[in-house]
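Chemist:
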Amino acid sequence: MNTLIKTDRFVLSEAERSAIEHEIHHYEDPRAASIEALKIVQQARGWVPDGACDAISEILGIPASDVEGVATFYSQIFRVPVGRHIIRVCDSMTCYIGGHEAVLDGIRQQIGIESGQTTADGRFTLIPVCCLGNCDKAPALMIDDDTFGDIQPDGVAALLEAYP
Amino acid sequence: MKLSSFGPANRIARSEETHPLTWRLRDDGQPVWLDEYRQKNGYGAARKALTEMAQADIVQNVKDAGLKGRGGAGFPTGVKWGLMPADESLSIRYLLCNADEMEPNTWKDRLLMEQLPHLLIEGMIISARALKAYRGYIFLRGEYVDAARNLNRAIDEAKAAGLLGTNILGSGFDFELFVHTGAGRYICGEETALINSLEGRRATPRAKPPFPASVGVWGKPTCVNNVETLCGVPSIIGNGVDWYRALARPGSDDMGTKLMGFSGKVKNPGIWELPFGITARELFEDYAGGMKDGYTLKCWQPGGAGTGFLLPEHLEAQMYAGGIGKVGTRMGTGLALAVDHTVNMVSLLRNMEEFFARESCGWCTPCRDGLPWSVKTLRALERRQGSREDLDILLRLVDFLGPGKTFCAHAPGAVEPLGSAIKYFRDEFEAGIAQAGKTPLQPA
C-alpha cells in the first residue's frame, strides 16, 4: 500500500492563531485576512510551509487552494526557506541609472549569491524589489526592515556586517 | 532616527498659503504628531466639514476646486466621488486610500505618510464624510515599514482624541480607519486589483463596468483615492475653492499644487511641492540644479516608468496634464527622471521591461506574453545579437499592448516609454542588430 508521507505536520502556534483571529475582525469577510495570516506565519517562521496554507484555510473557512493561490502570487510571501536576513535590492530604472547592477555585483562578490538565492550558511537571501521610493538616494536597498540609500558597491560589506 | 523621506521638500521655504501639502513639515524631518499638527491648524478643516457643511457641499467644493487624482491618471476627484450611488439604502460604503506606491521613480506618498500622517487621516475623514463611507482602509505597500508605524501611531492618537470612531467632533458622523499592508506586486496599485487584494485574493484587475463606485470591495460602493489626492482635500475645505484655483501658474488647466521631483544624475535630486504650470525647466534647473558635472541630459521622463521619454528641448513644457500632453506623453506622477548621456536606451528599456514583465499579473494575454517577448528582444539587441525583424517586433508590441487592448493600464504603461525611446533613439536600437557576415552568438 502506498502511504502519503507528510514530512511537515504543521500546527499553528497559539500566538499565530490569535493574531490571525484578531485580523479577521478588521474585515467584512474572513478571506481578507489571508495575506495578513500568511505574513503572520512568515514573521514567526521566516517562510510559509505548505501545511500553513491548510491551517490558515481552516481558520478563514476558505479552500486551501485559494490560500495557496494567494501565497504564490505575492512576491513578499516566501514559499521556500530563506535566510535569516532578506536583502531587497531596488531594481527600478532610477536605481539602474544609479548603478544598482554594480551593487548586485558587490553583493555577489561579498557573499557569493545571485538574486533569488540564499547563502549556504542561511544568513542572507537576495531578492529584487520594486522601486523602494528612495529615488533621490539611488541606488537603494533594504535589509530586513531597514532602508539604505546612496549605496556604493564597495560599501556593501560594511552594511552586511550589522546583520549576523 | 532619520526617515528615508527626509530631504529637499523639508528644506525649501514654505508657507501655509502656497504649500498646502508640505508647509507643516518639520525642518528636522521628524513626523508631525497630533499636538503639533493641531497647533498648525490641523483638523480645522475636518471640524468645518463635519460640523458646518452639508455632505453634498464637500463634494461640490472638491469638484469646483478642480482637484484631480494624483496617482498618475489624473481623473477629476470630484467626478469620481459623484459616481457613488445616490441611493441612501446602500449604507455600507468604503473609502480606500491607495498607498501602494511602487511606480518606479515615485517617492511622494512615502513623504506624506512618514512625516504628515495626520494630514492623510484628516483628508480621509473629510472625504469619507463626503462619500458617506463608514470605514476606510489605507492599502499600504509592505515595504513602507516606517509609514506603517507612523500611520498606526497617528490613528491611535486620532482615536484617543475623538477624531476617529463614533460621533466624530460631536457631528454624529462615524468613521473607522485601518492600515492594511500588502505583500508585494506592483499591480496592487491598479484600483480594481487593489480591491481584489484587500479582499484577500490574487491582485488581478476586474472588468469595468461595474465601476468600484457601484460594486467595489465586498460588492459595496467604494471609492479609491491616492494618498496625495486625499491630502489635498483639507486645504480646499479649509481655505476655499477660490484660493485653491489661484495656486497654479497661468496657462495650467490643472489646479493647485503637486509634489514634483527630479532624480537621476542631477545635482540636487529631490521632491518639492510646486504649483501646476511651472515649466519642467524650472523644476530641472532651479530645483534639481541641472545635471551633475560631467553629465549631460540625454532625455527625461516626466512622471514614472509608465510615461514616455522626452528630449531636452521639451523642458519648456509646463508641468500639468495638458502641458505634457502637448509634447506627446502624460504627466503621470510628476516625479521626473533625468537620463544622462552615459545611459544606453536599449539597456535602460531592458531594465524597465524586465520590471513590467515581472510585475504583470498574467491575467490577460497581450501583457502576460507580450512583455516577456519584449524583454527577450531587448536583451538580444543589448548583446548586439538582434535580428533585422526585432525592431518591427518591438513596434508591433507597442501597438498590441497599447491603450484599450488589455484589461488594465499596466501593459499600455509598459510600452509607452518603449515606443518613445524607439522614436527618439532608433539608431541605438538598430545598433543592436547583428551585423551581416558575422555569425550571431547563441543566446546565453
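Top to bottom, those sequences are chains A and B.
Heads up: take any position in the first sequence, counting from 1, add 1293, and you land on the numbering used here.
Heads up: take any position in the second sequence, counting from 1, add 644, and you land on the numbering used here.
We put the CB at the ideal spot given by N, CA and C, even for glycine.
Give the residues of chain A in contact with residue 1007/B, contact being defined as C-beta atoms less than 7 Å apart.
Modeler: Along the second sequence, one-based indexing puts residue 1007/B at 363. Residues of chain A passing the Cβ test: none, with the nearest at roughly 11 Å.
Chemist: Under a three-way DSSP split, which group does residue 1088/B fall into?
Modeler: Walking along the second sequence from the start, residue 1088/B turns up at place 444. For residue 1088/B, the predicted structure reports a pLDDT of 45, less than 50, and the residue's modelled location is therefore unreliable. A value from the coordinates is still provided. Three-state result, residue 1088/B: coil.
Chemist: When burial is assigned at 16 or more other CB atoms within 10 Å of the CB, is residue 1430/A buried or exposed?
Modeler: Within the first sequence, the letter at position 137 stands for residue 1430/A. That one is buried.
Chemist: Within the same chain, show all residues whose beta-carbon is closer than 8 Å to that of residue 1308/A, passing over the 5 residues directly before and after it, in chain order.
Modeler: Locating residue 1308/A in the first sequence gives position 15, counting from the first residue. Within the same chain, residue 1308/A has close Cβ partners 1337.
Chemist: The segment 1351-1374 of chain A: which residues have C-beta closer than 7 Å to a C-beta of chain B, in chain order?
Modeler: The segment 1351-1374 of chain A vs chain B, Cβ under 7 Å: 1362, 1363, 1366, 1367, 1368, 1369, 1370.
Chemist: Please work out which residues of its chain come closer than 7 Å, Cβ to Cβ, to residue 919/B, disregarding the five sequence neighbours upstream and downstream, and give them in chain order.
Modeler: Translated into the one-based positions of the second sequence, residue 919/B becomes position 275. 891, 892, 893, 901, listed in sequence order.
Chemist: Is residue 1094/B helix, strand or coil by DSSP?
Modeler: Nothing in the structure corresponds to residue 1094/B, since chain B is present only between 645 and 1088.
Chemist: Check whether the segment 1016-1032 of chain B and the segment 951-963 of chain B touch, using three or more Cβ-Cβ pairs below 8 Å as the test.
Modeler: Not touching, per the Cβ criterion.
Chemist: With C-beta atoms as the reference, is residue 813/B less than 7 Å away from residue 682/B?
Modeler: Looking up residue 813/B in the second sequence gives position 169. Looking up residue 682/B in the second sequence gives position 38. Against a cut-off of 7 Å, the Cβ pair of residue 682/B and residue 813/B comes out as no contact.
Chemist: Can you pull the chain B residues whose beta carbon is under 7 Å from the beta carbon of residue 1389/A, in chain order?
Modeler: Translated into positions along the first sequence, residue 1389/A becomes position 96. Neighbours of residue 1389/A on chain B, chain order: 992, 995.
Chemist: Give a yes or no on whether the minimum CB-CB distance between residue 1346/A and chain B is below 7 Å.
Modeler: Numbered from 1 along the first sequence, position 53 holds the residue referred to as residue 1346/A. False, the Cβ-Cβ gap to chain B never drops below 7 Å.
Chemist: Look at the Cβ atom of residue 1000/B, then the Cβ atom of residue 1015/B, and state whether they are nearer than 7 Å.
Modeler: Your numbering for residue 1000/B matches position 356 in the second sequence. Your numbering for residue 1015/B matches position 371 in the second sequence. A contact, by the Cβ cut-off of 7 Å.
Chemist: Of all Cβ atoms in chain A, is any one closer than 7 Å to the Cβ of residue 829/B?
Modeler: By one-based count along the second sequence, residue 829/B stands at place 185. Yes, residue 829/B counts as interfacial toward chain A.
Chemist: Would residue 1325/A be called buried (16 or more neighbouring beta carbons within 10 Å of its own) or exposed?
Modeler: Within the first sequence, numbered from 1, the residue matching residue 1325/A stands at position 32. By the 10 Å Cβ count, residue 1325/A comes out buried.
Chemist: With respect to the beta strand (DSSP E) encompassing residue 949/B, which residues constitute its N-terminal and C-terminal limits?
Modeler: The count along the second sequence starts at 1 and reaches residue 949/B at position 305. Taken as a continuous stretch (DSSP letters only), residue 949/B belongs to no beta strand (DSSP E), as it is neither H nor E.
Chemist: Can you confirm whether residue 1319/A, when its beta carbon is compared against all beta carbons of chain B, has any partner nearer than 7 Å?
Modeler: Stepping through the first sequence from its first residue, residue 1319/A is reached at position 26. For residue 1319/A, the answer is yes, since a Cβ of chain B falls inside 7 Å of its Cβ.
Chemist: Could you name the residues of the same chain whose beta carbon sits closer than 7 Å to that of residue 989/B, not counting the 5 residues immediately before and after it, in chain order?
Modeler: Position 345 of the second sequence, counted from the first residue, corresponds to residue 989/B. 1065, 1069, 1072, listed in sequence order.
Chemist: Closer than 7 Å, Cβ to any Cβ of chain A: which residues of the segment 748-763 of chain B, in chain order?
Modeler: Answer set for the segment 748-763 of chain B: 748, 749, 750, 751, 754.
Chemist: Using beta carbons (cut-off 7 Å, strictly below), is residue 846/B in contact with chain A?
Modeler: If you number the second sequence from 1, residue 846/B lands on position 202. For residue 846/B, the answer is yes, since a Cβ of chain A falls inside 7 Å of its Cβ.
Chemist: Going by DSSP in three states, residue 1457/A sits in which element: helix, strand or coil?
Modeler: As a position in the first sequence, residue 1457/A is number 164, starting the count at 1. Three-state result, residue 1457/A: coil.
Chemist: Taking 7 Å as the CB-CB cut-off, is residue 728/B touching chain A?
Modeler: Residue 728/B sits at position 84 when you count from the first residue of the second sequence. Not closer than 7 Å to any Cβ of chain A, the Cβ of residue 728/B fails to qualify, so no.
Chemist: Let me know if residue 863/B comes out buried or exposed under the rule of 16 or more other beta-carbons within 10 Å of its beta-carbon.
Modeler: Within the second sequence, numbered from 1, the residue matching residue 863/B stands at position 219. Classification for residue 863/B: exposed.
Chemist: Would you decide whether residue 672/B is buried or exposed? Buried here means 16 or more other CB atoms lie within 10 Å of its CB.
Modeler: Here the question's residue 672/B lines up with position 28 in the second sequence. So residue 672/B counts as exposed.
Chemist: Pull out every residue of the segment 926-954 of chain B whose Cβ sits closer than 7 Å to any Cβ of chain A, in chain order.
Modeler: Those residues of the segment 926-954 of chain B that come within reach of chain A (Cβ to Cβ, closer than 7 Å) are 949.
Chemist: Going straight from the alpha carbon of residue 1313/A to that of residue 1319/A, what length do you get?
Modeler: Numbered from 1 along the first sequence, position 20 holds the residue referred to as residue 1313/A. Numbered from 1 along the first sequence, position 26 holds the residue referred to as residue 1319/A. Cα-Cα distance, rounded: 11 Å.
Chemist: Return the bridge partner residues of residue 832/B from the DSSP annotation.
Modeler: Residue numbering aside, residue 832/B sits at position 188 when the second sequence is read from its first letter. The partner list for residue 832/B (beta bridge, DSSP) is empty, contrary to what the question assumes.
Chemist: Can you check the segment 775-814 of chain B for any alpha helix (DSSP H) of at least 4 residues that lies completely inside it and give the ranges in chain order?
Modeler: 789-804, all fully within the segment 775-814 of chain B.
Chemist: Go through its chain and collect everything with a Cβ distance to residue 1356/A's Cβ below 8 Å, but skip five positions before and after it.
Modeler: Within the first sequence, residue 1356/A is the residue found at index 63, counting from 1. The residues are 1350.
Chemist: Exposed or buried, which one is residue 719/B when buried takes at least 16 other CB atoms within 10 Å?
Modeler: Along the second sequence, read from residue 1 onward, the residue named residue 719/B stands at position 75. By the 10 Å Cβ count, residue 719/B comes out exposed.
Chemist: In the DSSP assignment, the alpha helix (DSSP H) including residue 1037/B goes from what residue to what residue?
Modeler: As a working mapping, residue 1037/B is identified with position 393 in the second sequence. Element bounds for residue 1037/B: 1034-1044.
Chemist: Would you say the segment 965-982 of chain B touches the segment 1005-1015 of chain B, given that touching needs at least three Cβ pairs under 8 Å?
Modeler: Contact fails: fewer than three Cβ-Cβ distances are below 8 Å.
Chemist: What residues from chain A crowd round residue 1069/B, counting only those whose CB sits closer than 9 Å?
Modeler: For the purposes of this step, residue 1069/B is taken as residue 425 along the second sequence, with counting starting at 1. Near residue 1069/B there are no residues of chain A at all, since even the closest Cβ is about 15 Å away, more than 9 Å.
Chemist: Shorter than 7 Å from the beta carbon of residue 1088/B to some beta carbon of chain A?
Modeler: As a working note, residue 1088/B is residue 444 in the second sequence. Because residue 1088/B carries a pLDDT of 45, less than 50, the predicted location of this residue cannot be relied on, and the following value inherits that uncertainty. Output row for residue 1088/B: interface = no.
Chemist: So, residue 669/B versus residue 759/B, is the Cβ gap smaller than 7 Å?
Modeler: To locate residue 669/B, count along the second sequence from 1; it is residue 25. To locate residue 759/B, count along the second sequence from 1; it is residue 115. Result yes, Cβ atoms of residue 669/B and residue 759/B sit closer than 7 Å.
Chemist: If you draw a straight line from the alpha carbon of residue 1446/A to that of residue 913/B, how long is it in whole angstroms?
Modeler: Walking along the first sequence from the start, residue 1446/A turns up at place 153. Walking along the second sequence from the start, residue 913/B turns up at place 269. If you take the alpha carbons of residue 1446/A and residue 913/B, they lie about 20 Å apart.
Chemist: Cutting at 6 Å between CB atoms, please list the residues of its own chain near residue 1441/A, excluding the five before and the five after it.
Modeler: One-based indexing of the first sequence puts residue 1441/A at position 148. Within the same chain, residue 1441/A has close Cβ partners 1434.
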